[in-house]
Amino acid sequence: MNGSFQPVNARDSLFMTMPETSRRNFLKTTTVSAAALAVGNFTPSSALGANDRIHFGVIGCGGMGTGHLGSLVKRSEADNIKVLAVSDVYQRRLTRAKGICQGDGYLDYRKLLERKDIDAVLIATPDHWHAKISIDAMEAGKHVYVEKPMTHTVEQAIKLRDAVTHSKKVLQVGPNGTANDSFWQAHDAIKAGRIGKVTWAHGSYNRNARLCLFNEHQKVDPTAGPDKAGEDYIDWDMWLGHQWGLAPKIPWTPDHFFRFRKYWPYNGGVATDLLYHKLAPLLIAIAGPNGEYPRRVSAIGGLYIEKDGRDIPDTFLLTADYPSDWSIFLVSTLTNDAGLPDRIYGKHGTMELGGEPSLRWNGDFKEEFKAKNDGKEEVRLAIKPRRDLEGNFIDVLRGKDQLACNADLGCATMVAIKMAVESFRQSKTLLWNAKEERVTTS
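See below:
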């Protein structure tokens with residue numbers, strides 16, 4: 041196919057540039073009832089049996105997608121799965137991916153979705169494509185594992201979350217820490233009042249490399265492009281997605297394709313690439329499996345060292361507060377990999393995460409802490425083995441587990457992270473209008 045391919049139906053216009061659409065207005069145009077909106081951990085009506093082989097397709101075969109593809113192939117026998125097909129707009133990557141899984145390959149992901157023998161897709165494209173491909177996949181009857189971040193915009197996140205409810209399909213979002221039992225044990229302890237009322241938390245995700253993140257592992261292939269043939273061909277117009285309003289139409293720019301995380305039109309930089317991993321599990325610990333939407337978000341930072349033409353900052357600091365009366369501070373920098381621990385502060389005690397969560401009394405509240413912790417002044421929470429995110433997704437498809445990161449948690453995380461990105465870009469504190477589900481400045 042080529043970049044002139046037009047939308048196949050009216051639904052594709054959903055992703056054209058438009059004003060924010062509230063969840064309430066979305067529901068007016070669907071058959072979903074308000075009572076059905078608890079999308080979190082339901083068992084899909086089409087749950088597969090324990091002995092059914094699950095057939096996968098993988099869409100997006102760059103670094104992350106190839107990693108997932110290799111993992112799925114390795115677990116084929118143990119988990120009774122098989123990757124039947126792959127899709128990528130870059131022919132060289134597509135050929136490599138076909139060789140890994142010994143399956144079929146498509147430059148146009150919609151050809152993969154047309155196949156009736158594929159049960160689930162794993163999506164590892166650039167962020168600006170996550171929502172559209174996920175919704176297309178569910179409408180084609182597929183279950184979805186989508187890499188983090190859930191989407192590129194707040195509006196897309198709301199639409200994707202609601203599409204999960206409408207489709208009754210499983211959607212797993214892929215922030216790593218959500219499969220770590222530490223955060224689930226932390227949630228049980230917090231819910232039981234073992235550190236008192238939680239008031240704030242902090243964490244970080246930092247890196248420091250000579251070539252800087254988003255340059256280090258993403259080499260530009262100077263021989264590839266949209267005007268090349270054979271293995272060097274890249275469908276640039278399709279990658280941009282400008283036909284659907286996913287990104288602006290611009291001339292071929294190799295650094296945008298190979299190092300897309302450096303540029304705002306396709307992602308949110310360290311906030312969406314790194315801090316999404318951090319916020320989602322902390323939301324599990326403090327708010328529960330479905331997360332919580334923020335009340336107010338602000339962010340500061342800047343491009344202090346890595347001035348190589350990138351849009352995104354190399355240092356980013358996020359603060360958010362929540363309706364249930366707690367706040368969080370997260371930082372991500374590419375200039376020093378020393379960071380803050382994952383720590384949650386309660387009125388009666390402090391919880392440190394990482395390995396087995398540790399709890400210790402604080403201030404004048406030793407006795408209150410001991411009363412909730414079997415008379416102990418300090419405790420460690422035992423953690424249990426959990427399947428990784430791919431394994432968790434497979435188990436959920438068979439009705440054997442709950443999702444590590446469901447659509448509600450994915451959306452709540454996306455809203456806070458994207459609000460932080462826009463706060464940084466606009467130099468404004470942003471508010472979440474919970475009733476209308478949209479971002480405001482007042």
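Going by the numbering used here, the sequence shown opens with residue 41, and the numbers climb by one from there. Heads up, the beta-carbon is just placed ideally off N, CA and C, and yes, glycines get one too.
From which residue to which residue does the alpha helix (DSSP H) around residue i run?
i      : result
Met104 : Gly103 to Lys114
Gly450 : Ala447 to Gln466
Asp277 : Trp276 to Leu280
Phe297 : Pro294 to Phe298
Phe223 : Asp221 to Lys231
Asp435 : Leu429 to Leu437
Arg150 : Tyr149 to Leu153
May I have the straight-line CA-CA distance separating residue i from residue j, to the nearest angstrom?
i      : j      : result
Val161 : Ile99  : 7 Å
Asn432 : Val210 : 11 Å
Ser222 : Glu396 : 6 Å
Asn473 : Pro334 : 9 Å
Lys188 : Ala360 : 20 Å
Glu476 : Pro329 : 23 Å
Leu358 : Ala460 : 6 Å
Pro425 : Lys440 : 15 Å
Thr83  : Gly102 : Below a pLDDT of 50, predicted positions are generally treated as unreliable, and Thr83, at 49, falls in that range; no measurement from the model is reported.
Asn248 : Leu374 : 5 Å
Leu482 : Asp144 : Leu is not the amino acid found at residue 482; the sequence shown has Ser there. The straight-line gap from Cα to Cα measures roughly 51 Å.
Trp292 : Trp284 : 18 Å
Val72  : Gln212 : In this predicted model, Val72 has a pLDDT of only 34, less than 50, meaning its place in the structure is not dependable; the value taken from the coordinates is given anyway. Their backbone Cα atoms lie some 20 Å apart in a straight line.
Gln442 : Val436 : 6 Å
Arg336 : Gly394 : 27 Å
Arg132 : Phe409 : 59 Å
Asp176 : Lys182 : 9 Å
Ala512 : Met190 : Residue 512 is absent from the model: the chain starts at 41 and stops at 482.
Ser111 : Phe405 : 47 Å
Thr355 : Arg465 : 13 Å
Gly139 : Asn216 : 27 Å
Leu315 : Thr453 : 10 Å
Ile423 : Glu392 : 14 Å
Thr480 : Val113 : 45 Å
Gly379 : Gly214 : 22 Å
Run through DSSP, which three-state label would residue i get?
i      : result
His183 : strand
Met190 : coil
Glu407 : helix
Tyr303 : coil
Gly331 : coil
His559 : A question about residue 559 goes unanswered here, because the residues of the chain that appear run from 41 up to 482.
Asn248 : strand
Asn376 : coil
Glu476 : coil
Leu470 : strand
Gln196 : helix
Arg201 : helix
Ser174 : helix
Thr359 : strand
Trp366 : strand
Leu322 : helix
Val72  : Reliability of the predicted coordinates at Val72 is poor, the pLDDT of 34 falling under 50, and the value obtained from them is presented with this limitation in mind. Three-state result, Val72: coil.
Ala287 : coil
Gly217 : helix
So residue i is in the beta strand (DSSP E); what residue range does that whole segment cover?
i      : result
Val126 : Ile121 to Ser127
Ile340 : Arg336 to Gly342
Gln131 : Taken as a continuous stretch (DSSP letters only), Gln131 belongs to no beta strand (DSSP E), being part of the alpha helix (DSSP H) at Gln131 to Cys141.
Tyr273 : Looking at the DSSP string, Tyr273 is not in any beta strand (DSSP E), and its letter there is neither H nor E.
Leu399 : Ser398 to Trp401
Glu418 : Glu418 to Arg420
Gly97  : Ile94 to Ile99
Val210 : Taken as a continuous stretch (DSSP letters only), Val210 belongs to no beta strand (DSSP E), as it is neither H nor E.
Asp7   : Any answer about residue 7 is impossible in this case: the structure gives the chain only from 41 up to 482.
Val260 : Careful: Val260 lies outside any beta strand (DSSP E) and carries neither H nor E.
Asp144 : Asp144 to Tyr146
Ala444 : Per DSSP, Ala444 belongs to no beta strand (DSSP E) and is neither H nor E.
Taking a contact to mean a Cβ-Cβ separation below 8 Å, would you say residue i touches residue j in this structure?
i      : j      : result
Val129 : Leu147 : yes
Ile368 : His242 : yes
Pro166 : Phe300 : yes
Arg234 : Lys416 : no
Ala264 : Asp272 : yes
Pro327 : Thr218 : According to the sequence shown, residue 327 is Ala rather than Pro. No, the Cβ-Cβ distance between Ala327 and Thr218 is not below 8 Å.
Ser207 : Leu370 : no
Lys172 : Leu286 : yes
Gly309 : Pro353 : yes
Pro294 : Pro305 : no
Trp366 : Trp224 : no
Val238 : Gly386 : yes
Ile324 : Leu449 : yes
Arg438 : Glu418 : no
Using 8 Å as the cut-off, can you tell me whether the stretch 145-157 makes contact with the stretch 112-132, which would need three or more C-beta pairs spanning the two stretches below that distance? yes
Are at least three pairs of beta-carbons, each pair with one atom in the stretch 197-205 and one in the stretch 423-442, less than 8 Å apart? no
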